[in-house]
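Down below is the structure, laid out as structure tokens.
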Amino acid sequence: MLTFLKTLLPVTDWQAARLRPLPVSYTSRFWRLDTPDRLYMVKEFFPGAENNLLYPTLPYQEADALSGLAKHALAPELEAFAESPAGTPVLIYGYAPPVSDEIDVGEAAELIGRLASLSGPVPGHHEVPAGFHEVLDQGDAMLAAIPDSRKAVNLKRLRPESGSVQRCPVERLLIHRSFCLGTILATGEGARLIDWQFAGLGDPVEDIVCFVSPGLATLYGVHPLVAHAEDLFLKHYPDRGTVSRFLEERSAYHWRFAAYCLLRNETLMLENAPAARAYGRALEEEVDLLLRLRGR
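Going by the working numbering, the sequence shown opens with residue 38, and the numbers climb by one from there.
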């Protein structure tokens, strides 16, 4: 890998550079390259992850997002996007070393709010289901893919009523779709958003849902937000209209994510039991939230 990186990056002192592997995710493997002046994250995508029902992994979309959003101080700089010697996509972004790794909840709200306020589109992104009713329909499709699941029968009982929210057109904007504390990077220039491979054109409500989702936090290996932190995030989110729609429509997004976790739990059990168990834990977290929302 180091030999390959030397063909891509303008590092002046390779003798002082240090490359180390990082934990592998479901769709990619990572390395961090430390140099005296700059840090680089190297991301190699696994093949065959493009057909996921909720989160298709699209490397070119991440490259497009980094290219378009770095100038808005929303993403780190794209340093290279190339094909590895093995034929897999490799993406590299760079940033100045941070003074601190701490990310404030209010800072996170401001960051994702600025993404939602962008006026110009970022090219190369696909449309994703948006709004209460499209999201419920997608959740229905996921459960239909596991018709013999006993847990699916129970989850259907928690499905929000379609008529509880009026059907309205949605203005599709670029959204991150896996926004949580695990996808915010502290850099020397401030907080930046990473992991854009799942991004799409949808409703900014989804990004708020992601940040407060205990199931998504569990999958990223971070602690779910406590109630006070969620309230603080919503207080700092700049668009009050989006917050209002979130409060009205969030149950559909949480229910769809629970359906997704159940689908992954049951379909991965034979081929990747540890991943299946992780999705099972995320499912429990999301179902618990749905039950709490019903009790309000």
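C-beta atoms are modelled at their ideal positions from N, C-alpha and C, and glycine is treated no differently.
* **Rounded Cβ spacing between tryptophan 68 and leucine 76 (contact assumed at less than 8 Å)** => Taking the sequence shown and counting its residues from 1, the one referred to as residue 68 is at position 31. Taking the sequence shown and counting its residues from 1, the one referred to as residue 76 is at position 39. No, tryptophan 68 and leucine 76 are not in contact; Cβ-Cβ is about 11 Å, not under 8 Å.
* Asked: Taking just the CA atoms, how far does proline 73 sit from proline 134?
  -> Here residue 134 refers to the residue found at position 97 of the sequence shown. Here residue 73 refers to the residue found at position 36 of the sequence shown. Proline 134 and proline 73: Cα-Cα distance of roughly 9 Å.
* Tell me whether the beta-carbon of glutamate 2 lies closer than 8 Å to the beta-carbon of histidine 273. => The chain is shown from 38 up to 333; residue 2 falls before or after that span and cannot be answered.
* Asked: With 16 other CB atoms within 10 Å as the buried threshold, where does tryptophan 51 fall?
  -> To locate residue 51, count along the sequence shown from 1; it is residue 14. Burial call: exposed.
* How would you call serine 250, buried or exposed, if buried means at least 16 neighbouring beta carbons within 10 angstroms? -> Numbered from its first residue, the sequence shown carries residue 250 at position 213. Classification of serine 250: buried, given that the 10 Å Cβ count is 16 or more.
* Given proline 275, which residues of its chain have a CB within under 6 Å of its CB, disregarding the five upstream and five downstream residues? -> The count along the sequence shown starts at 1 and reaches residue 275 at position 238. Cβ within range, chain order: Gly150.
* To do: Please state whether DSSP places aspartate 50 in a helix, a strand or coil.
  => Looking up residue 50 in the sequence shown gives position 13. Aspartate 50: coil per DSSP, three-state reduction.
* Going by DSSP, what residues sit across from glutamate 308 in a beta bridge? -> Indexing the sequence shown from 1 puts residue 308 at position 271. Paired residue(s): none; glutamate 308 is not in a bridge.
* Classify proline 93 as helix, strand or coil using the three-state DSSP reduction. => Against the sequence shown, residue 93 aligns to sequence position 56. Three-state DSSP puts proline 93 in coil, outside helix and strand.
* Between leucine 56 and serine 121, what straight-line distance do the alpha-carbon atoms span, to the nearest angstrom? -> The count along the sequence shown starts at 1 and reaches residue 56 at position 19. The count along the sequence shown starts at 1 and reaches residue 121 at position 84. Cα to Cα, the separation comes out at about 16 Å.
* Short check: CB of alanine 296 to CB of glycine 176, under 8 Å? -> Counting from one through the sequence shown, the residue named residue 296 turns up at place 259. Counting from one through the sequence shown, the residue named residue 176 turns up at place 139. Contact: yes.
* For phenylalanine 118, the three-state DSSP class (helix, strand or coil) -> On the sequence shown, residue 118 is found 81 positions in, with the first residue counted as 1. Strand, per DSSP.
* Rounded to a whole number of angstroms, what is the C-alpha to C-alpha distance between aspartate 141 and leucine 173? -> Taking the sequence shown and counting its residues from 1, the one referred to as residue 141 is at position 104. Taking the sequence shown and counting its residues from 1, the one referred to as residue 173 is at position 136. Cα to Cα, aspartate 141 sits roughly 32 Å from leucine 173.
* Asked: The beta strand (DSSP E) spanning threonine 255 covers which residue range?
  -> For the purposes of this step, residue 255 is taken as residue 218 along the sequence shown, with counting starting at 1. Element bounds for threonine 255: not the beta strand (DSSP E) but the alpha helix (DSSP H), 251–256.
* Beta bridge counterpart(s) of methionine 78 as assigned by DSSP -> Working through the sequence shown from its first residue, we reach residue 78 at position 41. DSSP lists Arg69, Tyr130 as partners of methionine 78.
* **beta strand (DSSP E) segment containing glycine 237, residue limits** => Sequence index remark: in the sequence shown, residue 237 carries index 200 (1-based). Run containing glycine 237: 237–239, per the beta strand (DSSP E) assignment.
* Looking at C-beta atoms only, is the number of pairs between the stretch 227–245 and the stretch 188–205 that lie closer than 8 Å three or more? -> no
* Sort Gly85, Gly258, Val280, Glu321 by Cα distance to arginine 267 and report the nearest one. => Against the sequence shown, residue 267 aligns to sequence position 230. Before going on, a small fix: residue 267 reads as glutamate here, not arginine. Among Gly85, Gly258, Val280, Glu321, the Cα nearest to that of glutamate 267 is on Val280.
* To do: Give the DSSP bridge partners of alanine 223, in chain order.
  => Walking along the sequence shown from the start, residue 223 turns up at place 186. DSSP lists Ala228 as partners of alanine 223.
* **Residues of its chain near arginine 229, where Cβ-Cβ distance is below 6 Å and the 5 sequence neighbours each way are ignored** => In the sequence shown, the residue the question calls residue 229 occupies position 192. Once the five neighbours on either side are set aside, the close Cβ partners of arginine 229 are Ala112, Pro113, Leu222.
* Among Ala54, Gly105, Ile129, Ala110, which residue has its Cα nearest to the Cα of glutamate 81? -> For the purposes of this step, residue 81 is taken as residue 44 along the sequence shown, with counting starting at 1. Measuring from the Cα of glutamate 81, the nearest candidate turns out to be Ile129.
* Asked: DSSP three-state call for leucine 218: helix, strand or coil?
  -> As a working note, residue 218 is residue 181 in the sequence shown. Helix at leucine 218.
* Asked: Using DSSP with H/G/I as helix, E/B as strand and the rest coil, what is isoleucine 212?
  -> For the purposes of this step, residue 212 is taken as residue 175 along the sequence shown, with counting starting at 1. Correct three-state label for isoleucine 212: strand.
* Is the beta carbon of glycine 252 sitting closer than 8 Å to the one on alanine 167? -> As a first step, residue 252 is located in the sequence shown; it is residue number 215 there, counting from the start. As a first step, residue 167 is located in the sequence shown; it is residue number 130 there, counting from the start. No, the pair does not count as a contact, with Cβ atoms beyond the cut-off.
* To do: Measure the CB-CB distance between arginine 277 and valine 246 and report whether it falls below 8 Å.
  => The count along the sequence shown starts at 1 and reaches residue 277 at position 240. The count along the sequence shown starts at 1 and reaches residue 246 at position 209. Not in contact: arginine 277 and valine 246 (Cβ atoms no closer than 8 Å).
* To do: Taking only the alpha-carbon atoms, compute the straight-line gap between arginine 204 and asparagine 88 and give it to the nearest angstrom.
  => Here residue 204 corresponds to residue number 167 of the sequence shown, with the count starting at 1. Here residue 88 corresponds to residue number 51 of the sequence shown, with the count starting at 1. In a straight line, the C-alpha of arginine 204 is about 28 Å away from that of asparagine 88.
* Quick one: grab the DSSP three-state call for leucine 56. => Here the question's residue 56 lines up with position 19 in the sequence shown. The answer is strand: DSSP assigns leucine 56 an E or B state.
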